[in-house]
Amino acid sequence: MPSVVIIGTQYGDEGKGKVVDYYAAKADLVVRFQGGSNVGHTVIVGGSTYKFRMLPSGALREKKLVIGNGVVVDPERLIAEIEELASVGKKPDLLISERAHVVLPFHKALDRLEDSIKGSLKAGTTGVGIGPAYADKAARFGIRIIDLMDDESLRERLRLLVGLKQKELRDVFGSEDEISESDLLSLCRGFREEIRRYVGDTSEYINDALDKGKRVLFEGGQGTLLDVDHGIYPFGTSSNTVSGAACTGAGVGPRRIDKVLGVCKAYTTRVGGGPFPTELQDEVGRRIQEKGQEFGTVTGRPRRCGWLDGVALRYSTQVNSLDSLIVTKLDVLGGLDRVLICTGYEHEGRVIRRFPSNPKVLAHCTPIYEAHEAWEDMERGEWTEISSRGYEALPQNAKSYLRRIEEIAQVPLCLISVGPERESTISLVDAFG
Ligand code: IMP
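Quick note: the sequence shown uses this note's numbering, first residue 271, plus one each step.
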């Protein structure tokens, strides 16, 4: 089993950073294939916390790191992360796709301005330029990494883009921000010098690696419900976050993917705007938020918290063709009176079991819940100790809850996480096995 895709089944922040770091121990390559610095993957090792937004989460395992063509690269952030790693004595073995697009400072300014005029349709973006960069890519105005490498292409493209963006800033948004073509050119030339040694043909590299039987881990960002096609449009991100995006965003065919693993938090969280049927706006929600440390990695915004949504989970299983499921943060629900799972929605007197495409339906539906007995609250050390003994050592009620999740998702579990550290992990099946 040399290739595994890991994606989020909910609204992002499912704990994919820890999971990718865990599996990266056995991988040869870790590949990002979509998103950009809106991703915020946290990895905790030996008491130190690392937050990756541009580099794949396998960085700490010192594996080959690949940034595929589907990613929008923020060079400033990428260079900062490379320097951060260097400060702890690690040098990334990195390859960046020539075909990936570049996020420039005006993309960030436009991101915030565009979001500000959307009123009730606002997604509450992370403000790091993702939407505008993908929009330029689709409209064929974008600047790719390969263009950064060639001064003539760079100047030609910047001239066109600066004129257009200056007009947009001034005429559409009434902004007085000036974009200086010469400043932007020097900035891009600076980026070129910093990243040139990492740039290459990533599709060829990954396909060669697969031919040689190397183990490739494709690391998804955000989550299925934020996907630009399959998520709750327009309240999501601008890329495809589903498993299929690993193919288009890394340059491999679907037949090269062996396994798809979905990461699902034991409850649900969401940052930003948009419908969230199982949201808890009460003491239980606040308790989950505090205990689960549910604050955005990129923006620091508090995450909205709620019960597990089984309808959304089934939908995620389907659009991603999941083989197995990884449940994270099971420990956070310990000590509650009871734990609920949503198994359907009620809307205008009708019961809905299919995940609706209309955000208005989602916003006005009432979840149908089933209740489960909770398990005891335990210290981190106790959860780590349970992890060392394996699945059977989990509290009985926690095991029943997990079995129910498996039943709803209709896929088996392969990994359970009961704490942020690498050691608080229970593996049921080897992902590369
Ligand atoms: P954007 O991707 O910055 O354009 O943000 C669009 C929406 O996706 C906003 O609601 C963000 O809060 C959300 N979002 C983007 N990236 C992440 C992530 O990594 N985790 C959780 N939410 C995200």
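In this text, a Cβ means the ideal position worked out from N, Cα and C, and glycines have one as well.
This structure is a prediction, so every number in the text was calculated from the model and none was measured.
Taking a 10 Å sphere around the C-beta of Gly359, we find fewer than 16 other C-beta atoms and assign the residue as exposed. The beta carbon of Pro626 is closer than 7 Å to those of Leu632 in its chain, skipping five residues each way along the sequence. For Arg571, there is no enclosing beta strand (DSSP E), since its DSSP letter is neither H nor E.
Around the CB of Ala379, 16 or more other CB atoms lie within 10 Å, so the residue is classed as buried.
According to the DSSP secondary-structure assignment, Asp579 is paired through a beta bridge with Cys612. Of the residues assessed, Leu391 falls on the exposed side of the cut-off, its CB having fewer than 16 other CB atoms within 10 angstroms. Going by beta carbons, Ser697 and Glu489 fall outside the 8 Å limit.
Rounded to the nearest angstrom, the gap between the Cα atoms of Asn339 and Ala520 is 6 Å. Checking the DSSP bridge columns, you'll see Gly532 partnered with Ile277 and Leu595. For Ser357, the enclosing alpha helix (DSSP H) covers residues Pro345 to Ser357. Tyr585 has its Cβ no nearer than 7 Å to any heavy atom of the ligand IMP. In the structure shown, Val342 adopts extended strand secondary structure according to DSSP, grouped into three states. In the DSSP annotation of this structure, the continuous segment of the beta strand (DSSP E) that includes Ile622 starts and ends at Arg620 to Ile622. Sequence-distant partners of Arg485 (beyond 5 residues in either direction) whose C-beta falls short of 7 Å from its own C-beta, in its chain, are Pro272, Lys296, Ala297, Asp298 and Phe702. Taken atom to atom, the span from the alpha-carbon of Lys333 to that of Asp363 is near 7 Å. DSSP places Asp385 in the uninterrupted alpha helix (DSSP H) bounded by Pro375 to Ser386. Contact between Cys612 and Ile638 holds, since their C-beta atoms are separated by about 7 Å, short of 8 Å. Going by DSSP, His642 is part of the beta strand (DSSP E) stretching over Thr636 to Glu643. The residues Arg440, in chain order, have a CB closer than 8 Å to that of Glu446 in the same chain once the five nearest residues on each side in sequence are set aside. Applying a distance threshold of 5 Å between residue Cβ atoms and the heavy atoms of the ligand IMP selects Gly282, Asp283, Asn308, Val309, Ala393, Gly394, Thr395, Thr396, Ile400, Gly401, Gln492, Leu496, Thr507, Val541 and Gly542, given in chain order. Of the other Cβ atoms in all chains shown, 16 or more fall within 10 Å of the Cβ of Gln280; this residue is therefore buried. With contacts defined by Cβ atoms closer than 8 Å, Thr569 and Thr396 form a contacting pair. Taking 8 Å as the cut-off, the Cβ atoms of Gly483 and Leu495 do not count as close.
Between the C-alpha atoms of Arg674 and Leu603 there is a straight-line separation of about 15 Å.
Following the DSSP letters along the chain, one finds Thr695 in no alpha helix (DSSP H) but inside the beta strand (DSSP E) bounded by residues Thr695 to Ser697. Counting other Cβ atoms within 10 Å of its Cβ, Arg302 reaches 16 or more and is therefore classed as buried. For Thr395, DSSP assigns no beta-bridge partner whatsoever. DSSP places Ser658 within a helical segment (H, G or I) once states are collapsed to three. For the pair Leu592 and Gly689, the CB atoms are not nearer than the 8 Å cut-off. A contact is defined here as three or more CB-CB pairs under 8 Å, and the stretch 417-436 meets this definition with respect to the stretch 445-462. When only Cα atoms are considered, Gly444 and Phe376 end up about 14 Å apart. Judged by their CB atoms, Leu487 and Val290 are nearer to each other than the 8 Å cut-off. Going by beta carbons, Val342 and Tyr293 fall outside the 8 Å limit.
For the 8 Å CB-CB criterion, Arg571 and Arg540 do not form a contact. For Glu549, same chain residues with a beta-carbon under 6 Å away, outside a window of 5 residues either side, are Arg574 and Gly576 in chain order.
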